[in-house]
Structures are given as structure tokens and as C-alpha cells.
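Novice: Position 861 (the sequence shown) corresponds to 1487 in this note's numbering; numbering is contiguous. For each residue, glycine too, the CB sits at the ideal point set by N, CA and C. After the C-alpha cells below, expect a handful of questions from me.
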Amino acid sequence: MPQQGWAKDGEAIPSLRKETAGKGNLFAPKGTKSLFSHPKKLFLHTVRGKISDEKGVGMPGVTVMLKGTTSAAPSASDGTYAIELPDGNGTLVFSFMGYKPLEVAVNNRTTIDVSLVPDAESLDEVVVVGYGTQKKSDLTGSVSAVSSEEFNVGPQLSPQQLIQGKMAGVNISQNSGKPGASNTVRIRGGTSLTGSNDPLYVIDGVPISTSSGVNQANIRGNGTDVFDQEPTNPLMTLNPNDIESITVLKDASATAIYGSRGANGVIVITTKRGKAGKAQVTYNVLAGVSKVANTLDVLTADQYRAVVRDLELTLDDKGANTNWQDEIYRTAYNQDHSLSLTGGAANTMYRVSLGYGKQEGIMLGSDLSRYNGSININHAALEDKLKFDLVVNYGQTRSNAAPVSNTVGSEAGTSMNYEAFVFNPTYPVYDPNGEYYHVGPFRVNPVSFSSDVTDEKTAQRLLGNLSTTYTIIDPLSINVSLGYTRQEIDRNSFIQKSNPLGEGFGGFASTQKLADYSKLMETVLRFNKSFGQHAVDAIAGYSYQYFLGEGGRTTASGFLSDSFKWYSLQAASTVGGISSFQESNTLISMYGRVNYDFGGRFLLTGTIRRDGSSRFGSGNKWGVFPSGSVAWRISQEKFYPENPLSDLKVRVSYGVTGNQEIGNLNSLTTLGASNRGYLVGGQRITIVLPQQYANPDLKWEQTSQVDVGLDFGFFKNRVHGSLDYYRKKTSDLLLRIAVPSPSVVTTQLANVGSVENKGFELELGANIIDKGNFTWEADVNFSRNKSKVLSLSNDLYKGDNIQIAPLQGAGLSGIYAQLIMPGEPLGTFWGRKFIGVENGVEQFEPGNQVIGTAQPDFTFGFSNSFQYKAWSLGFNFRGSVGNDVFNLTANNLAYESNLPGRNILAVALEDGVGRTQPKQYSSRWIEDGSFARLDNITLGYTFNVKNTPLSNARIFVTGQNLLLITNYSGLDPEVNAEVSGTGVAPLGIDYLAYPRAKTVSLGASISF
């Protein structure tokens, strides 16, 4: 039987070096004399065994040391170990970070199996921060981290969903339910009105651009309103199975090291590395089935017939009873495979992986395939003075995103789901000739989109980083990193001329190619030294990163045949447009950080970064971004009573960060061709005119933030958590303002106004039960953020509001759903207040007013994990309270005036509004979007693999989105529709979104 137990906390295990004697390996602390310096001392006793965790799974990397000596050995990838001793006496010490050390007497035994127990008191969890790692107990800023063991389980539509609902202050909402969908990620609220609010993503030390090159694909899709313009997901090509941990840096103390890119927070992604020991192969497989979670209640064929007759309208009845939503939704199947090889010796470790995933969309004609490969190699030489780390990650996705969402306005009939809601339910799918039934001139058979409209997209990214670290002298080292990324998107689209959508074009084709790449060179000098009660960890660095984006697009129409799609553009009668571009920007930085620790009680961090960006005006290309933070671990003081509060740390931070994600040419004068030239001989001469005037004073949006935090633990840290209050102000907002007449340019980008976010966050974890074979752990997080626009003016310009989210269609043209104005939060709905229906006509209070806000009062996450012997059960709830949603879908479908040309929601028959009432935007369509969602529930079983060639074997079944609690009447309250025409979705607008699915999957993981 494995021996189980623990000893008092011992000294930290020092770094080890390997020495070889005959067929065996010995390990000794660096700086000690060779174990072979006494040739008369022979090793005559070998102890072997296996080290398991509390679940019976083998533990690699555990240090096994003969107590009182320097003899040590690590466990292999399957948890087995072997150590050579001078005799059969003595005591072995087993130690591993996060677990209680265990001492076992040898007593002349040659086989000793042990089981280690997690240490609930351990605060030495290491988290990844900017340009390094830190012990969690030493953090002075606000940082949240989730490891791969805690990720959400199941087929994820995007890597961001791995941590959805896991962290306070990190709000991740899925923009639609289609495979590869983008996400809206907000860390402590939005800081920009026109620039990017997306966080900076850093993958294995390489910052990823989210605003150049490939991400321009979201602007107006492929040139027609048929194709959606959902933003590109910067992580879509990353394999979730390759991710080791995701760390989110939230306050300025943590993000200031990234300077001009840290205002919206930083998400640091670390991929898995190799481990010392014999080679281990791991195979993960997942297969699942998905069905639509919710549908809209539109009139059935019989209801439609009856209403049209009652209203004495013309009835076009083909005698069918077609539920068009049933026709376009399907049972979708998904699969995911991941194969990895991990191993290495003491000096060289490696991990190689391959991945493949296939996701069918629940709507016809939508799917995504993902292909991944990664290589991680770590090598040490010159007695660990020289280290090399190589990371190469390649990912490719291939998708078909036939038009399954309408992102243009209020009633453009150009999408599969819109037509499924409004198409005449008395029509069958096919006419007597086997062709699609259409209703001219505007209604398009919903099913026809799946075969007549094609929108294929191939996205790929290559990321590489070579890092070299050399220890000059203890404690001084230097690191040089060379990083490279290249991203490409090829998007080809075609509408057959046999379909009403393409009939007017004679067939329509579009080809688009977008690419960007970046080159990164960083040099970091590090000083790490402890002397007495003092410890200093300091870095000074230089960074150079160059970005280049380029692309082109060609559209054509008028084809003799649909057979060749975009492969025969030369055969088109009309070339609608040819465009191309190339643009670049450079970011040069110098930075430094000092972490000081006095006796584990007083912690101090100071950071400064100076960035120079080619994007800004000639007078403001450089900016300085400082931060400072201090923490006091009260629980380390002698006067502090240990029980029941086992840990207590107070921390305060303040810092300044920036936002440079504004595009590459906004500070320069740009020129373009214009048809406003002179007439010569009856022909207008094309001339070149300014499209934008230079602004030499254009500078960064700047965010200052203060954070006060409390980290605590109760009952020997079986209950632990953190509480934060923050307040951040963003000034010099980048807005387009009017240029005084006369001028050929009407607007100019300038620094105008400010916005504020403030709130508090709570993260709480508990080891509720840990007794015998049963454990129960729970985690809760709670966030409240309130944003407010402070000003829209500067010294020269006075502004009072900005209209966003324009609406279209009868009765809605010229109306905007949201207004940005001082004193109100971002996402404020502005319009008339609905007070009832009188004589079939909607009634409103006079004038416009605030009628809602997309900002929630608070968000929360709640997860539980149960373990009983080999069985495990876990589930995650997530929710939002107090946020409003504009149900633009209902606003479009709930008026009898649509009849008979378009079907309507069944609720329209009961609201008392007459058929002559046109569509109106008002508070009637602003609904409470509060919800609680069961994101994930997983039941697993781990097999006993003793006496088998396997080192681990586990199976599990998982369900996703199986339960949604909400009063919202639409498909889903957590949807952001793109109605702005900019590719940036305003929060809280639901319009014809691709619906979410309920998914059940079966998975397995084996290692050998």
C-alpha cells in the first residue's frame, strides 16, 4: 500500500545538477562538491517505487531526496522513481510544490510507493506575469490565473471560453453560437469610445496584434450585406489542449509593464512544456452532439392562414405546413483529437503535439475544422548557466460561414435565419420540379442559403519564439528573445445566379486575402538576489516590435455559369471593385521593474515603461507609463494570531497605462481619388484630394488606475480569497470631431473627453470537505463595475453626445439605439418611453430619455468540484444581473404590418397593436437581460491502471449550456449584434444572432 502522510514544512529544495555514474544518474544541488569526490563511497542500495497524487495518478517531477544528504532524484512522467543509496538505512523525503512533503523511513526496503497530499496551506503557487513569474503570495497587484486542470470542459467555440465565468472582473460574452465565433472580452469595463476595448493577448511571450491586417476582414464583410462582419477571434487558431495556463493581469501595477497596450488588461497564455522523464504519449478524444437551445415562436401555417384571412389580406397558400426553423436547424456533430509526446532528460525537455477538431454548426451550411501543431523544446547547458527555449505553434481553421446572421439593419432579407422567421409557412421547401420555392421579389427560401451561398474562410497563424538566457554571474542573467508571428485569412464567397440574392448580379463572387506579420526582439537583464531578510528581483528591458499588414479584394459579377464560383473571375462580365493595401507600424520600448521583499512581510513593486509608437502625431510619439504597488502580509507578523484567519495581506497599487490600438494612419494626412474633379469635354476628371488631415498632437488614450486589495485565508487556507476595489479614469479619448467649413475633409481624429470605471471584485475558494475518499471544493466570484462618461470635450471642442447603433427600415431610419453622453454609462439606450396601447396605437411619453443600459449591476460565477474515489463531478454556473437588452429581433417581427409578406411572432396577436401601426423604437423593446447559465457539467471516472502499460486513463461525459434561467423573451440574452457598421458590436443588442446550442459530449484521455 502507498504510504501517505506529511511532515512539517522543510527547507526549499535547491536547483539540481545531474551527474552520471555507470548506468545511474545522481542529482545534487548546484554549488556543492561532486558526489563522486569520495571514490571509496559506494552506492549499494537502490529504492524504486511510484509517487501518486490524491487521485492515484502518477506524479512527474517530484523530488526524492535522502534526508541529511544531497542525494536526490526526480520522478518520471508516470510517477515512477529510482534512487541509489549507500545502504538500506535513512529516510527519504518526497517534495513537490503545492503538496505536503512526506518523510518515509527506508528500513532496508527496495520498493516504496507513496501518495502525496495537497497542501491547503501552500501559498507558493507560481503564476505567470509580464516578463516572468511570481509566487502568488508575493503578488502586489490584481492578478487572476486558471490552470488547464480548472478549464471549462467540452468542445469550446473559442479558447476564451476556457475561462468564462472563472474570474472576477473578466466578462467574456459570446457574440454568436456559430463555430469559431468571436467573443466580447472586457476586463473591468471598457476604456475607449472609438478605439479597441479588447485586452492585449500575449502567447508564450509574444504580444498578438488585434487591430491590423487580418482583423480588417470584419469591415463590411466581403463587400455585400449578405456576408456577416463579425470580428475576427485572435485566438481561433490556438488549440485549447495545448494551453497550460491563462493569467489575466487586471490592475495597472500588473499591466504597466506593457505600457501603451495595457489599458484594457492583459491576457497571458502559456502553452504546455516538456517534462523530465521517460517519453509519455497522451491522447485526448472528444465527440459530441449539439442541438439548438431555443427557437422563436412565430405563427404556424394554420395560424398564418387564419390571421391573413381575418385581416382580409391576400393569402398565397401552397398547402404546406412548414416550420422553417426546423428546416434550417440540424443535429450537429463535433469531434476533437489531440496527441502529444512529452519527455526529456535533466538538460533537455520536449513536447510535441498535433490536434484536429471538427465542429458542425447547428445551422445548415456552417462548420469549422481546426488543425494544430506545436513544438516546445527546453535545453540547458554549461551547468544550467545557458538555457534555450524554443516554442513553435501553428494553427489553421477552415470554415464555411454561409449567411446565417443579418448585421446590417432592421429588415434586409439577406440571411438564412431571418428568412426562416418570416418566410411563408404554407410553402414547401421544394416546388414540383424539385427546385427551391422562393417568394419574389424579396423573400428567399431559407434552405437555399445552404447550397446557393458559399462563404469559405481559411485562417492560419504561425507563432515562434526563441529565447536564450545566460547567467552572467549569480545573481545576474540576460535573456534575448526573438519572436515572429504571421497570420493570414483567405476568404472566398459566391452567390449563385439561380438564387434571388445573386440573380440581379448574374452571380456574385468575391475573393479576399489579408495577412499580417510581426517581428519581435526583446532583451531583458535580470537581477535576483536574497540577502538576509531582503530579496530583490529586478529587470531592465528593451523591446522592438514591427507590424506589417497587407491585403486585397476583388469582386465580380455576371457569370455564364455557377459551376466555377470564384475560380473564373476573368469570365465575369463586370468587375465590381479591386482594392489592396499595405500598412505598418513600429513600437519601441524601454522598461524596468523592481520587486522588493522584506522578510516575506513587506512587498514593494515599481514599474516604468517608455513606449514610442509610429501611430501617433510627431509631437507625441513617446509616452511614459509608471506604476507602483505595496503589500503588507500581516499574517507574517509575530503579533498576528494564527487562527482562524491563517493568511492576511493588504495591497495598494496605482499606475498609468495607454491604448494605442487606433489604426496606423490616423495621425497623418491621407490622400485618395475623388470624382469631385473638373469637367473637361463633358467628362469628369478624377483628382486626388485629402481624405484626412494630419494631427501632430494626436496622442495615446491614457488610463490611470488605483486598486486596493485584500488577500485572505481562513482555517489554514481551506477557505481563501481576495477582495479588490478599483477606480480607473481614461482621458484623452480618441474621437472624430467635425472640421470647420469650408473643407474637403469633414472630420478629424482628436483627443477629446474622458470616461470612468469603478467597482469591486470578490474571488472566494473553499476546500469544504477533505475526508477519506471524498473531497468537495467550491469557487465563487463576484464583480460589479460601473462606467460613466465624464466628458466629450477638450479646450477647442465641446461635445454633448455621440450616437451609435444606427437602425434601418420603415419607421427606424435615422434613429440610433444608443447614446454616449456625459453622466451616463456606456451602453445607454436612448429613446421614447412606452406607456401602453390605445386604439391599436402605441403610446409614449413625450421626448427622448434614458430607457435602459447594457451595463449589468453585477456578474457572478460559481463552480463546484466533487471527488469520490475514482469518480469526479464538476459544474459551473455563470450569470449577469441588471443588464438590459434591446430585442431588435422582436421589434422587427412583432408587428402585424409585416403581413402577409412576412411572418410574425405569435405574441403580436395579443398585444393590441393595430395592423397600420409602423415599427417604433422605444422602451417596449428593452428587456431585462439578467440570466444564470449552467455553462458546464462534467462526470468523470479515472481507471486504476496499475499493472497495465498505461500511466493514466480517464473517461468523462460533459454537458454544455443545458440550463438557462432568464425572463428574456428572445433566443438568448447574451448576444451582441453588429448594427454599428464598424465591425465593433455595441453591447446589449440582440438582432438575428446565430443561436446557441445545447451540447452533450463523451471524452477520454489516456497516457502511456
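To the nearest angstrom, report how far apart M1042 and D1333 are at their CA atoms.
Specialist: Each residue's Cα considered, the two are about 47 Å apart.
Novice: Threshold first: 3 residues or longer. Then list the beta strand (DSSP E) segments lying entirely within the segment 940-1014, N to C.
Specialist: The qualifying runs are 958-970, 974-986, 992-1007.
Novice: Since I believe P805 is in contact with G987 (beta carbons under 8 Å), could you give me their beta-carbon distance rounded to a whole number of angstroms?
Specialist: 5 Å between Cβ atoms; contact.
Novice: If you draw a straight line from the alpha carbon of D1421 to that of L1360, how long is it in whole angstroms?
Specialist: Approximately 14 Å, taken between the alpha carbons.
Novice: Kindly provide the ranges of any alpha helix (DSSP H) runs that are 4 or more residues long and lie completely inside the segment 770-848, ordered along the chain.
Specialist: List check, alpha helix (DSSP H) in window: nothing returned.
Novice: For P825, which residues from the same chain have a beta carbon less than 8 Å from its beta carbon, with the 5 sequence-adjacent residues on both sides left out?
Specialist: Closer than 8 Å at the Cβ level, and outside the excluded window around P825, lie V811, I813, V874, N890, G891, V892, I893.
Novice: Can you check DSSP and say which residues form a bridge with P700?
Specialist: DSSP, once it has assigned bridges, lists T689 as partnering P700.
Novice: Where T1149 and P785 are concerned, what is the direct C-alpha to C-alpha distance, given to the nearest angstrom?
Specialist: When rounded, the distance between both Cα atoms is 30 Å.
Novice: Which value, in whole angstroms, describes the spacing of the CA atoms of V690 and G716?
Specialist: If you take the alpha carbons of V690 and G716, they lie about 13 Å apart.
Novice: Tell me the rounded alpha-carbon separation between G1132 and S1076.
Specialist: Each residue's Cα considered, the two are about 19 Å apart.
Novice: How would you label N1657, buried or exposed, when you count the other beta carbons within 10 angstroms and need 16 or more for buried?
Specialist: Since the first residue of the chain shown is 627 and the last is 1634, residue 1657 is not available in this structure.
Novice: To the nearest whole angstrom, what separates the beta carbons of P1316 and L1297, a pair I think is in contact under 8 Å?
Specialist: About 6 Å separates the two Cβ atoms, so the contact holds.
Novice: If you draw a straight line from the alpha carbon of G1090 to that of V1017, how long is it in whole angstroms?
Specialist: The straight-line gap from Cα to Cα measures roughly 5 Å.
Novice: Name the residue from T1084, N1105, D928, N1059 whose alpha carbon lies nearest to the alpha carbon of L1092.
Specialist: That would be N1105, whose Cα lies nearest to the Cα of L1092.
Novice: For the alpha helix (DSSP H) that contains V1635, what are its first and last residues?
Specialist: There is no way to answer for residue 1635, as the model of the chain reaches only from 627 to 1634.
Novice: State the CB to CB distance for the pair Y1172 and S1124, rounded to an integer number of angstroms; the pair is presumed to be in contact (CB under 8 Å).
Specialist: Contact flag wrong, Cβ pair sits at about 47 Å.
Novice: Nearest to F1242 by CA position, among V1306, R1179, W1326, is which residue?
Specialist: Checked all of V1306, R1179, W1326; the closest Cα to F1242 is W1326.
Novice: What are the boundary residues of the alpha helix (DSSP H) that includes V1048?
Specialist: Note, V1048: alpha helix (DSSP H), 1042-1048.
Novice: For R1256 and S1279, I'd like the C-alpha separation in whole angstroms.
Specialist: Before going on, a small fix: residue 1256 reads as Val here, not Arg. Taking the straight line joining both Cα atoms gives about 6 Å.
Novice: Using DSSP's beta-bridge definition, name the partner residues of Y1168.
Specialist: Note: Y1168 sits in a beta bridge opposite T1149, M1216.
Novice: If G1379 and L1418 are in contact, beta carbons under 8 Å, what's the gap, nearest whole angstrom?
Specialist: Contact flag correct, Cβ pair sits at about 4 Å.
Novice: Could you give the DSSP three-state label for N1019: helix, strand or coil?
Specialist: Three-state result, N1019: strand.
Novice: So, with DSSP's three-state summary, where would you put L1294?
Specialist: The answer is coil: DSSP assigns L1294 none of H, G, I, E or B.
Novice: By DSSP's criteria, E870 is part of a beta bridge. Which residues make up the other side?
Specialist: In the DSSP output, where bridge partners are listed per residue, E870 has none listed.
Novice: Three or more C-beta pairs closer than 8 Å, one from the segment 1453-1464 and one from the segment 1536-1551: is that the case here?
Specialist: At 8 Å Cβ cutoff, the stretches touch.
Novice: Three or more C-beta pairs closer than 8 Å, one from the segment 1551-1561 and one from the segment 1587-1597: is that the case here?
Specialist: Taking 8 Å as the limit for Cβ pairs, the verdict is that the segment 1587-1597 does touch the segment 1551-1561.
Novice: Can you tell me which of V730, I1121, R1236 puts its alpha carbon nearest to the alpha carbon of A1182?
Specialist: If we check each option's Cα against that of A1182, I1121 comes out closest.
Novice: Nearer than 6 Å: is that true of the beta carbon of T921 relative to any heavy atom of the ligand FMN?
Specialist: Although the ligand FMN was asked about, the structure shown includes no ligands whatsoever.
Novice: So, under 8 Å CB-CB, G675 and D1237 are touching, yes? Tell me the CB distance rounded to an integer number of Å.
Specialist: The pair is not a contact, with the Cβ atoms about 54 Å apart (cut-off 8 Å).
Novice: If you draw a straight line from the alpha carbon of R1622 to that of H1160, how long is it in whole angstroms?
Specialist: Straight-line Cα distance between these residues: approximately 54 Å.
Novice: For the beta strand (DSSP E) that contains G1238, what are its first and last residues?
Specialist: Per DSSP, G1238 belongs to the beta strand (DSSP E) from 1228-1239.
Novice: Could you tell me the alpha carbon to alpha carbon distance between M793 and K1414, rounded to whole angstroms?
Specialist: Cα to Cα, M793 sits roughly 23 Å from K1414.
Novice: To the nearest angstrom, how far is the alpha carbon of E775 from that of I789?
Specialist: Between E775 and I789, the C-alpha separation is close to 11 Å.
Novice: Check whether the segment 862-869 touches the segment 1191-1210, taking contact to mean three or more Cβ pairs, one atom from each stretch, closer than 8 Å.
Specialist: As far as the Cβ criterion goes, the segment 862-869 does not touch the segment 1191-1210, which means the pair count is below three.
Novice: To the nearest angstrom, how far is it from the Cα of I954 to the Cα of N778?
Specialist: Answer to the nearest angstrom: the Cα atoms are 29 Å apart.
Novice: Here's the rule: buried if 16 or more other CB atoms are within 10 angstroms of the residue's CB, otherwise exposed. What is L1282?
Specialist: Sequence inspection shows Val at residue 1282; the Leu mentioned does not correspond to that position. V1282 is buried by the Cβ-count criterion.
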